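Numbering (our numbering), first residue to last: 70 to 455.
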């Protein structure tokens, strides 16, 4: 971990960032409680809510079908997974040649006994079914805020709305840590080196790091099969600068990402904003290597500490844009537009609070840049798409 500013200053930024997160989540909780208590008809209109834990006296979110399906599968199938692992390990050590047949047979047996013969037919036809579904429409992740009426969301104060955005991101991160972590654990039991679990979104401040360290498997796939082939083809057949080739290859990559996640409007906006953010990063890196910036650093900034503060300041609006772009992915177009309204029409006090919090996040993220997730035992062996 490389820290170019005083450790006490980093601790201060860390405290500011954590306190800001906790305050926004607290304000979100209090505001939602007031809205639900003062609008009884709203509570009954929320089809994505059910009775929650009695000790909390709050409704429970059931809108995330992906998470509910995953949880049901693990709860109902854990004993089979354990049994399958033990048999596989015995065969691996005694009769390796029939291991692949055991994998096929055990999968078929599980589907027939756990789901039925009809489901076996359906699952066998999955490529055709999924291809038809993808051609007819897109997909999206259902997050808590999409289940609430937009009118109720508009009642949230700006800081509480930021807390809602933070909570969407944290839920998204935790869900993927659990799902990726579980499957990766079974992969490692089979001696397969799985990608590390996602880094926490609360300590990532630029687009390139979010893409590189959140879904590492997807990132490696994109670099290997989309970005690098595009870049190499451009370099071979066109007389463009290296920077231009990188940007065009990045554009091709985000076109694929848009098609991969679903060709719907909110995914399009999310993809465009991500490409725009990556482009701004690339331009910034290019400027930082120029003569004018070196003069600026030597004569104006003068120290590495001041340069770190300056970079964090420049990254603050980029982090805000990154957050808003992800809200289009998490909550859909209406939720993303609502956050954009807050960005375009801010009050001075709210802008100051959010800017200080995001600036502190940038400092914390820069200090923890080389600290991987718990399962990231080695650095990712692919290059940046920027």
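Even glycine gets a Cβ: it sits at the ideal position worked out from N, Cα and C.
Being a predicted model, the structure only gives us computed values, none of them experimental.
Worksheet item: Secondary structure at residue 368, three-state DSSP: helix, strand or coil?
Response: Position 299 of the chain shown, counted from the start, is the residue given in the question as residue 368. Residue 368 falls in the helix class under three-state DSSP.
Fill in: Proximity below 8 Å, CB of residue 233 to CB of residue 316
Locating residue 233 in the chain shown gives position 164, counting from the first residue. Locating residue 316 in the chain shown gives position 247, counting from the first residue. No. Outside cutoff.
Worksheet item: Which stretch, first to last residue, makes up the alpha helix (DSSP H) that contains residue 335?
Response: Taking the chain shown and counting its residues from 1, the one referred to as residue 335 is at position 266. Here the alpha helix (DSSP H) through residue 335 covers 334 to 357.
Worksheet item: If residue 139 sits next to residue 248, beta carbons under 8 Å apart, how far is it from one beta carbon to the other, in whole angstroms?
Response: The count along the chain shown starts at 1 and reaches residue 139 at position 70. The count along the chain shown starts at 1 and reaches residue 248 at position 179. Contact holds; Cβ gap of about 5 Å.
Item to complete: Output the distance between the C-alpha atoms of residue 151 and residue 179, rounded to the nearest integer angstrom.
Response: Here residue 151 corresponds to residue number 82 of the chain shown, with the count starting at 1. Here residue 179 corresponds to residue number 110 of the chain shown, with the count starting at 1. Rounded to the nearest angstrom, the two C-alpha atoms are 13 Å apart.
Worksheet item: Pairing CB atoms from the region 408 to 415 with CB atoms from the region 77 to 84, are three or more of them under 8 Å?
Response: no
Worksheet item: Where does residue 206 fall in DSSP's three states?
Response: Translated into the one-based positions of the chain shown, residue 206 becomes position 137. Note that residue 206 has pLDDT 42, beneath the 50 cutoff, so the model's placement of it is unreliable and no number is given.
Discussion item. I'd like to know whether the C-beta of residue 82 is nearer than 8 Å to at least one C-beta of chain C.
Written reply: The structure shown contains no chain C, having only a single protein chain.
Fill in: 8 Å contact criterion, which residue 427 and residue 385 should meet: CB distance rounded
As a first step, residue 427 is located in the chain shown; it is residue number 358 there, counting from the start. As a first step, residue 385 is located in the chain shown; it is residue number 316 there, counting from the start. Contact flag correct, Cβ pair sits at about 5 Å.
Worksheet item: What residue does the alpha helix (DSSP H) around residue 411 start on, and which one ends it?
Response: Along the chain shown, read from residue 1 onward, the residue named residue 411 stands at position 342. Run containing residue 411: 402 to 413, per the alpha helix (DSSP H) assignment.
Item to complete: Drop a sphere of 10 angstroms on the beta-carbon of residue 298, count the other beta-carbons inside from all chains shown, and report buried for 16 or more, exposed for fewer.
Response: Your numbering for residue 298 matches position 229 in the chain shown. Residue 298 is exposed by the Cβ-count criterion.
Worksheet item: Going by Cα to Cα distance, which pick from 227, 146, 242 is closest to residue 183?
Response: As a first step, residue 183 is located in the chain shown; it is residue number 114 there, counting from the start. Among 227, 146, 242, the Cα nearest to that of residue 183 is on 146.
Discussion item. Buried or exposed, going by whether 16 or more other CB atoms sit within 10 Å of the CB of residue 241?
Written reply: Along the chain shown, one-based indexing puts residue 241 at 172. Residue 241 should be labelled buried.
Worksheet item: Going by beta carbon distance, what residues of the same chain come within less than 7 Å of residue 269, once the five residues before and after it are set aside?
Response: Counting from one through the chain shown, the residue named residue 269 turns up at place 200. The residues are 242.
Worksheet item: Thinking just about the alpha-carbon of each residue, which of 259, 340, 437, 271 is nearest to the one in residue 165?
Response: Here residue 165 corresponds to residue number 96 of the chain shown, with the count starting at 1. Nearest C-alpha to residue 165: 259.
Worksheet item: Which whole-angstrom value describes the C-beta separation of residue 346 and residue 391, a residue pair presumed to lie in contact below a C-beta threshold of 8 Å?
Response: Sequence index remark: in the chain shown, residue 346 carries index 277 (1-based). Sequence index remark: in the chain shown, residue 391 carries index 322 (1-based). About 6 Å; that satisfies the 8 Å criterion.
Fill in: Start and end residues, alpha helix (DSSP H) containing residue 293
The count along the chain shown starts at 1 and reaches residue 293 at position 224. First-last for residue 293: undefined, no H or E at that position.
Item to complete: Along the alpha helix (DSSP H) that carries residue 419, what are the first and last residues, could you check?
Response: In the chain shown, residue 419 corresponds to position 350, counting from 1. Note, residue 419: alpha helix (DSSP H), 417 to 436.
Worksheet item: Do you know how far the Cα of residue 435 is from the Cα of residue 304?
Response: By 1-based counting over the chain shown, the position of residue 304 is 235. By 1-based counting over the chain shown, the position of residue 435 is 366. A direct Cα-Cα distance of roughly 32 Å separates residue 304 from residue 435.
Worksheet item: What's the gap between the Cα of residue 170 and the Cα of residue 286?
Response: Position 101 of the chain shown holds residue 170. Position 217 of the chain shown holds residue 286. So the two alpha carbons sit approximately 27 Å from each other.
Worksheet entry | Beta-carbon spacing of residue 350, residue 433 below 8 Å | For this step, residue 350 is matched to residue 281 along the chain shown. For this step, residue 433 is matched to residue 364 along the chain shown. No, they are not a contact pair.
Worksheet item: Cβ atoms of residue 235 and residue 429: under 8 Å apart, would you say?
Response: By 1-based counting over the chain shown, the position of residue 429 is 360. By 1-based counting over the chain shown, the position of residue 235 is 166. Against a cut-off of 8 Å, the Cβ pair of residue 235 and residue 429 comes out as no contact.
Worksheet entry | Cα-Cα separation between residue 216 and residue 399, rounded to whole angstroms | As a first step, residue 216 is located in the chain shown; it is residue number 147 there, counting from the start. As a first step, residue 399 is located in the chain shown; it is residue number 330 there, counting from the start. With a pLDDT of 43 at residue 216, under the threshold of 50, the modelled position of this residue cannot be trusted; read the value that follows with caution. For residue 216 and residue 399, the distance between alpha carbons rounds to 12 Å.
Worksheet item: How big is the Cα-Cα spacing for residue 404 and residue 95?
Response: Numbered from 1 along the chain shown, position 335 holds the residue referred to as residue 404. Numbered from 1 along the chain shown, position 26 holds the residue referred to as residue 95. Rounded to the nearest angstrom, the two C-alpha atoms are 20 Å apart.
Item to complete: Kindly indicate which three-state DSSP category residue 174 falls into: helix, strand or coil?
Response: Position 105 of the chain shown, counted from the first residue, corresponds to residue 174. Residue 174: helix per DSSP, three-state reduction.
Discussion item. Whole angstroms are fine: how far does the CA of residue 193 sit from the CA of residue 471?
Written reply: No information on residue 471 is available, as it lies outside the stretch 70 to 455 that the chain covers here.
Worksheet item: How would you write the range of the alpha helix (DSSP H) that residue 163 sits in, first residue to last?
Response: The residue given as residue 163 occupies position 94 in the chain shown. It spans 134 to 163 - the alpha helix (DSSP H) in which residue 163 sits, taken as one unbroken run.
Practice prompt. Just mark residue 359 as buried or exposed, buried being the case when its beta carbon has 16 or more other beta carbons within 10 Å.
Written response: Taking the chain shown and counting its residues from 1, the one referred to as residue 359 is at position 290. Counting Cβ neighbours within 10 Å, residue 359 comes out exposed, since fewer than 16 surround it.
Worksheet item: So, is residue 254 buried or exposed, given that buried needs 16 or more other C-beta atoms within 10 angstroms?
Response: Counting from 1 along the chain shown, the entry for residue 254 is found at position 185. Exposed, by the Cβ-count rule.
Item to complete: Excluding the 5 residues preceding and the 5 following residue 340 in the sequence, name in chain order all residues of the same chain whose CB lies nearer than 7 Å to its CB.
Response: Position 271 of the chain shown holds residue 340. Counting only Cβ-Cβ distances below 7 Å, and skipping sequence neighbours, we find 323, 326, 327.
Worksheet entry | Cβ-based neighbour list, residue 84, same chain, cut-off 7 Å, excluding 5 preceding and 5 following | Within the chain shown, numbered from 1, the residue matching residue 84 stands at position 15. The answer is none, since no qualifying residue turns up.
Discussion item. Quick check on this structure: which residue in 301, 161, 222 has the alpha carbon closest to the alpha carbon of residue 102?
Written reply: Taking the chain shown and counting its residues from 1, the one referred to as residue 102 is at position 33. Measuring from the Cα of residue 102, the nearest candidate turns out to be 222.
Discussion item. Given a cut-off of 8 Å on the beta-carbon distance, is the pair residue 283 and residue 264 in contact?
Written reply: Your numbering for residue 283 matches position 214 in the chain shown. Your numbering for residue 264 matches position 195 in the chain shown. Contact flag unset, no.
Practice prompt. Tell me whether residue 281 is buried or exposed, calling it buried when 16 or more other Cβ atoms sit within 10 Å of its Cβ.
Written response: Numbered from its first residue, the chain shown carries residue 281 at position 212. When all chains shown are included, residue 281 counts as buried.
Item to complete: Check the C-beta distance from residue 338 over to residue 397 and give it rounded, since I have them as a contact under 8 Å.
Response: In the chain shown, counting from the first residue as 1, residue 338 sits at position 269. In the chain shown, counting from the first residue as 1, residue 397 sits at position 328. Rounded, the Cβ-Cβ distance is 5 Å, consistent with contact.
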